[in-house]
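Below: one structure, written as structure tokens.
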Amino acid sequence: MTETVVIHLQGWNQRTVVVDDVSVAGTHEPFVEHVSFTAPPGAVTVVPTDPGIPQVALALAIGGRVELLRGRVRIGAGADLADLQLRTRLVDVADVTAPEDTIAVKAVVQEELALAEKPAGRAAVASFLAAHELSDRAGHPWEQLPAGVRTSLLLELGALHPMVRVLVLAGPERHGGDHTVWFETCRRLAQTGLAVVVLTTAATAASLPADLGGAEDPVVASVGAPDAAPEPDGGRDPDPASDAAAHAPNLPKEPSA
Numbered sequence: 118m119t120e121t122v123v124i125h126l127q128g129w130n131q132r133t134v135v136v137d138d139v140s141v142a143g144t145h146e147p148f149v150e151h152v153s154f155t156a157p158p159g160a161v162t163v164v165p166t167d168p169g170i171p172q173v174a175l176a177l178a179i180g181g182r183v184e185l186l187r188g189r190v191r192i193g194a195g196a197d198l199a200d201l202q203l204r205t206r207l208v209d210v211a212d213v214t215a216p217e218d219t220i221a222v223k224a225v226v227q228e229e230l231a232l233a234e235k236p237a238g239r240a241a242v243a244s245f246l247a248a249h250e251l252s253d254r255a256g257h258p259w260e261q262l263p264a265g266v267r268t269s270l271l272l273e274l275g276a277l278h279p280m281v282r283v284l285v286l287a288g289p290e291r292h293g294g295d296h297t298v299w300f301e302t303c304r305r306l307a308q309t310g311l312a313v314v315v316l317t318t319a320a321t322a323a324s325l326p327a328d329l330g331g332a333e334d335p336v337v338a339s340v341g342a343p344d345a346a347p348e349p350d351g352g353r354d355p356d357p358a359s360d361a362a363a364h365a366p367n368l369p370k371e372p373s374a
């Protein structure tokens, strides 16, 4: 049975992600079936998931990029696809948002800044790379950065969009490397009030550190009916146009900037 590990950090009066009995149709059988969990803001929620297509399908479902076979996903009171798309960022999802290995580091940063609706010119890219001590790697292929660094950069860039409330990281274990590097970034971003959902294998989930410098130990719960989530406040964020997520059948590819 799939389990969810929730690393609680602190309470935040913001939006909570509720995945309720979600199934996503596949070619012959569902890619994922009967998945339920709650991901609170201010926490890292680790969902052990079969690698490959199941991770991709569940990420797309959480982010409102694919129609569901059954079930519902909501962020606070918002459950329509446009609302989910607006408030989520799918991070490093294979064949959807994952950068191509051969693209230069500076090009990946430029594209991610543009997707976050931030300045994405040469100066902005150079400033971001300098802040991360990567100026000397600007022209190198993306695949030459250490795996943990690549994932961490994508998480940070994904969190920059002003309307994003949820980060969904899918399959970080496929790159190898030190999992604690990107997991520490997840923890740090959750402390800003984001809900961070990590879809990874059961083996990787079990290997993640419990001691996070004062954070509570992991709470392990079976995936079933979601825990009762607090009702969101009545206020809504401004309603800018939703992101241009693709809607091809099953596994859409997100556009480049």
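118 is the number of the first residue of the sequence shown in our numbering; add one for each residue after it. We put the CB at the ideal spot given by N, CA and C, even for glycine.
Looking at C-alpha atoms only, which residue of Met280, Thr297 and Ala320 is the closest neighbour of Leu203? The sequence position of residue 203 within the sequence shown is 86, counting from 1. Selected option, being the one with the closest Cα: Met280.
Would you call the CB atoms of His257 and Val222 closer than 7 Å? Along the sequence shown, one-based indexing puts residue 257 at 140. Along the sequence shown, one-based indexing puts residue 222 at 105. Yes.
Ala247 and His292: beta carbons closer than 7 Å? Taking the sequence shown and counting its residues from 1, the one referred to as residue 247 is at position 130. Taking the sequence shown and counting its residues from 1, the one referred to as residue 292 is at position 175. No. Outside cutoff.
In its own chain, which residues sit with a C-beta less than 7 Å from the C-beta of Ala319, not counting the 5 before and 5 after it? Looking up residue 319 in the sequence shown gives position 202. Closer than 7 Å at Cβ, skipping near neighbours: Pro165.
For Leu186, which beta-bridge partners are listed by DSSP? Mapped onto the sequence shown, residue 186 falls at position 69. DSSP output for Leu186 lists no bridge partner at all.
Considering only C-alpha positions, which residue in the set Ala322, Arg305 and Ala276 is nearest to Arg206? Here residue 206 is taken as the residue at index 89 of the sequence shown, counted from 1. Cα-wise, what sits closest to Arg206 is Ala276.
What is the DSSP secondary structure of Val281, counted as helix, strand or coil? One-based indexing of the sequence shown puts residue 281 at position 164. Looking at Val281 - three-state DSSP - the assignment turns out to be coil, as it is neither helix nor strand.
Alpha-carbon spacing of Glu260 relative to Thr162, whole angstroms: Here residue 260 is taken as the residue at index 143 of the sequence shown, counted from 1. Here residue 162 is taken as the residue at index 45 of the sequence shown, counted from 1. Straight-line Cα distance between these residues: approximately 27 Å.
Are Leu201 and Gly180 touching if we call contact CB-CB under 7 Å? Walking along the sequence shown from the start, residue 201 turns up at place 84. Walking along the sequence shown from the start, residue 180 turns up at place 63. Taking C-beta atoms as the reference points, Leu201 and Gly180 count as a pair closer than 7 Å.
Cutting at 8 Å between CB atoms, please list the residues of its own chain near Arg254, excluding the five before and the five after it. Your numbering for residue 254 matches position 137 in the sequence shown. Closer than 8 Å at Cβ, skipping near neighbours: Val222, Leu246, Gln261 and Leu262.
Looking at His151 and Asp137, is the spacing between their C-beta atoms short of 7 Å? Taking the sequence shown and counting its residues from 1, the one referred to as residue 137 is at position 20. Taking the sequence shown and counting its residues from 1, the one referred to as residue 151 is at position 34. Not a contact, by the Cβ cut-off of 7 Å.
Report the option in Leu177, Lys235 and Ala176 whose CA atom is closest to the CA atom of Leu274. Position 157 of the sequence shown, counted from the first residue, corresponds to residue 274. Taking only the C-alpha atoms, the option nearest Leu274 is Lys235.
Rounded separation between Pro147 and Gly159 - CA only: Position 30 of the sequence shown holds residue 147. Position 42 of the sequence shown holds residue 159. Cα to Cα, the separation comes out at about 31 Å.
Since Arg187 contacts Ser140 with CB under 8 Å, what's their CB separation in whole angstroms? Residue mapping note: residue 187 aligns to position 70 of the sequence shown, counting from 1. Residue mapping note: residue 140 aligns to position 23 of the sequence shown, counting from 1. Arg187 to Ser140, Cβ: 5 Å. Contact.
Residue interval of the beta strand (DSSP E) (run including Thr156): The count along the sequence shown starts at 1 and reaches residue 156 at position 39. For clarity, residue 156 is Ala in the given sequence; the question names Thr instead. Element bounds for Ala156: Val149 to Ala156.
Could you tell me the alpha carbon to alpha carbon distance between Val226 and Asp212, rounded to whole angstroms? Position 109 of the sequence shown, counted from the first residue, corresponds to residue 226. Position 95 of the sequence shown, counted from the first residue, corresponds to residue 212. Between Val226 and Asp212, the C-alpha separation is close to 18 Å.
Between the CA atoms of Arg304 and Val298 - distance to the nearest angstrom: Here the question's residue 298 lines up with position 181 in the sequence shown. Here the question's residue 304 lines up with position 187 in the sequence shown. Rounded to the nearest angstrom, the two C-alpha atoms are 10 Å apart.
Buried versus exposed call for Arg239 [16 or more other C-beta atoms within 10 Å across all chains shown]: Residue 239 sits at position 122 when you count from the first residue of the sequence shown. Exposed is the call here.
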